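Single-structure report; data block below.
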Amino acid sequence: MALKDGLVKLKAFAAAPWFPVLVGLLSGANLFLLVMSAPLVILYCSAVLANPNRWLYTAVANAVGTVLGCLVLIILMEERGMDFIKESFPATFTSKWWSWTEGMMQSYGSLAAVPVSAMPIILHPLIFFGKLSKMSDFAILLAILVGRIIKYSIMAQMALTAPHALRFFGASQEVIQAVKKTKAT
């Protein structure tokens, strides 16, 4: 009973018009923390499920928050040099997505930026290789915005119609179950 009460309270909280903006800002902060992915999926899906008619607003708010985090990262890279990303996020260099993003950017150049940013992966490699390939900051951020709106729109539709498909976005079985419970309340 306590879990159901907690989910009902979360859904009521998630129905607030400012909640998607808060989740978006947390998504931007997660660019630096890298540990909030699972809770953010639950919060994002809660915002969508609490008010299904505003799924696009929720997707855009989350994408804008992510882009704000990317902007801060770009500013830090410009102030502290390209090594900033290597020193601050060493685990990203060992990620399989680092080499995958590098290959995509080498093969397709800036055309790869939107599809790569729509993937359920970290954005650090995209920003790094975008800067190396001399993409403008505006082009990098615009590609990330478009890609993330696509990603979060797909996630919203999955939360509304097929929560089990969230696994394709890296959601664990536990997260998927939490989304299903939120949807059921």
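Residue numbering for the sequence shown is -12 to 172, as defined by our numbering.
We put the CB at the ideal spot given by N, CA and C, even for glycine.
All values reported here derive from a predicted model rather than from experimental measurement.
A143 is positioned such that its CB atom lies closer than 8 Å to that of V35. Here V166 has I29, C32, A146, P150, L153 as same chain residues with Cβ atoms under 7 Å from its own Cβ, once five neighbours each way along the sequence are excluded. Following the DSSP letters along the chain, one finds A152 in no alpha helix (DSSP H), marked with neither H nor E.
The continuous stretches of alpha helix (DSSP H) do not include F76, and DSSP gives it neither H nor E. In the three-state reduction of the DSSP assignment, V54 falls in the helix class. If only complete runs of 4 or more residues are kept, the segment 3 to 69 shows the alpha helix (DSSP H) at 6 to 20, 24 to 37, 42 to 67, in order along the chain.
Here the segment 86 to 101 does not lie against the segment 39 to 49, with fewer than 3 beta-carbon pairs under 8 Å apart.
Beyond the five residues adjoining it in sequence on each side, Y139 comes within less than 6 Å, by CB distance, of A46, N49, A50 in the same chain, given in chain order. In terms of Cβ geometry, A100 and G117 form a close pair [threshold 8 Å].
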